[in-house]
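Chains as they are written, first to last, in our numbering: chain W, 21 to 129; chain B, 21 to 129.
Just so you know, even glycine gets a beta-carbon here, dropped at the ideal spot from N, CA and C.
Predicted model, so just to flag it, every value in this text is computed and none were measured.
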DNA sequence: CAAGTATATGCGTATATGCGCATATAAAGT
DNA sequence: ACTTTATATGCGCATATACGCATATACTTG
């Protein structure tokens, strides 16, 4: 397991795409809503404040990126977080942004 | 410190922008190059394989996002990673992608 | 099989952004 | 002051993608 080898172009594209998937507020809202557990599309649309069509698309994007899992039950489709690293990822970014904000505040004191 | 409160729209936009900054292969290449330490623009352009102009722009984007710091010394400008969370962020994503890849392989066995 | 409900998708548009090219700015040496 | 070197930026183009609207698909029920 070589650790210091620079990532290949293909690998970098994958990483970039991963970040891109998380780079939309609406998708983050959906992920946040799913932190509470599995939910179906209409519930998510209502909670996240988007149209059914748009939410469905975003859910598709997240599922294709293996961030969410999809489970069909009768008429409804339930989505859930399938990649546990998402939790830490969001925590890390939030923490970093909080530190930044704290620094901004310092500058005014 | 309330932890379970959903993030505000403004906060989500910030998080999204943070991810967006990391969602470009060229910027990831620059970050990766800077893992070895502070470097100046031309060195980064050569190492990352981009034009000076383009690299300069990406460095600006990363600096405005407080991912990098900028230090001017004579004619040269040195950039360095200023947000330590970047290391873990990249590790997390790489680890997650490796697991995904491993699963793909399993499917063929 | 028809009607209703939940979800997905085709299409057009508006916006964002990465890149190349040329040029501007800044600093150092002659 | 002029030239050279290092970096930044204005501009245009090409591409990606988020959203709205309408419609298609899938499943359930009467």
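Residues that residue i bridges to, as DSSP identifies them
i                    : result
residue 99 (chain B) : B:59 and B:90
Candidates the options, of which the one nearest residue i by Cα
i                     : options                     : result
residue 53 (chain W)  : W:33, W:37 and W:75         : W:75
residue 58 (chain B)  : B:91, B:111 and B:69        : B:91
residue 72 (chain B)  : B:25, B:50, B:86 and B:56   : B:50
residue 89 (chain B)  : B:30, B:43, B:60 and B:69   : B:60
residue 33 (chain W)  : B:124, B:110 and B:38       : B:110
residue 68 (chain W)  : B:100, B:94 and B:28        : B:28
residue 43 (chain W)  : B:124, B:37 and B:129       : B:37
residue 99 (chain B)  : B:35, B:64, B:115 and B:107 : B:64
residue 84 (chain W)  : W:31, W:102 and W:108       : W:102
residue 45 (chain W)  : W:26, W:78 and W:66         : W:78
residue 116 (chain B) : W:118, W:94, W:97 and W:86  : W:86
residue 35 (chain B)  : W:106, W:56, W:26 and W:70  : W:106
residue 96 (chain B)  : B:25, B:26, B:62 and B:48   : B:62
residue 26 (chain B)  : W:55, W:94 and W:121        : W:55
residue 19 (chain B)  : W:48, W:124 and W:30        : Outside the shown range of chain B (21 to 129) lies residue 19 (chain B), about which nothing can therefore be said.
residue 104 (chain W) : B:120, B:94 and B:93        : B:120
Closer than 8 Å to chain B by CB, residue i
i                     : result
residue 52 (chain W)  : yes
residue 108 (chain W) : yes
residue 120 (chain W) : yes
residue 75 (chain W)  : no
residue 64 (chain W)  : no
residue 78 (chain W)  : no
residue 60 (chain W)  : no
8 Å contact criterion, which residue i and residue j should meet: CB distance rounded
i                     : j                    : result
residue 113 (chain B) : residue 82 (chain B) : At roughly 17 Å, the Cβ-Cβ gap does not stay under 8 Å, so residue 113 (chain B) and residue 82 (chain B) are not in contact.
residue 128 (chain W) : residue 39 (chain B) : In fact, because the Cβ distance is near 28 Å, the residues do not count as touching under 8 Å.
Short CB-CB distance (under 8 Å) between residue i and chain W
i                     : result
residue 128 (chain B) : no
residue 89 (chain B)  : no
residue 35 (chain B)  : yes
residue 38 (chain B)  : yes
residue 44 (chain B)  : yes
residue 125 (chain B) : no
residue 113 (chain B) : yes
residue 102 (chain B) : no
residue 82 (chain B)  : no
residue 28 (chain B)  : no
residue 95 (chain B)  : no
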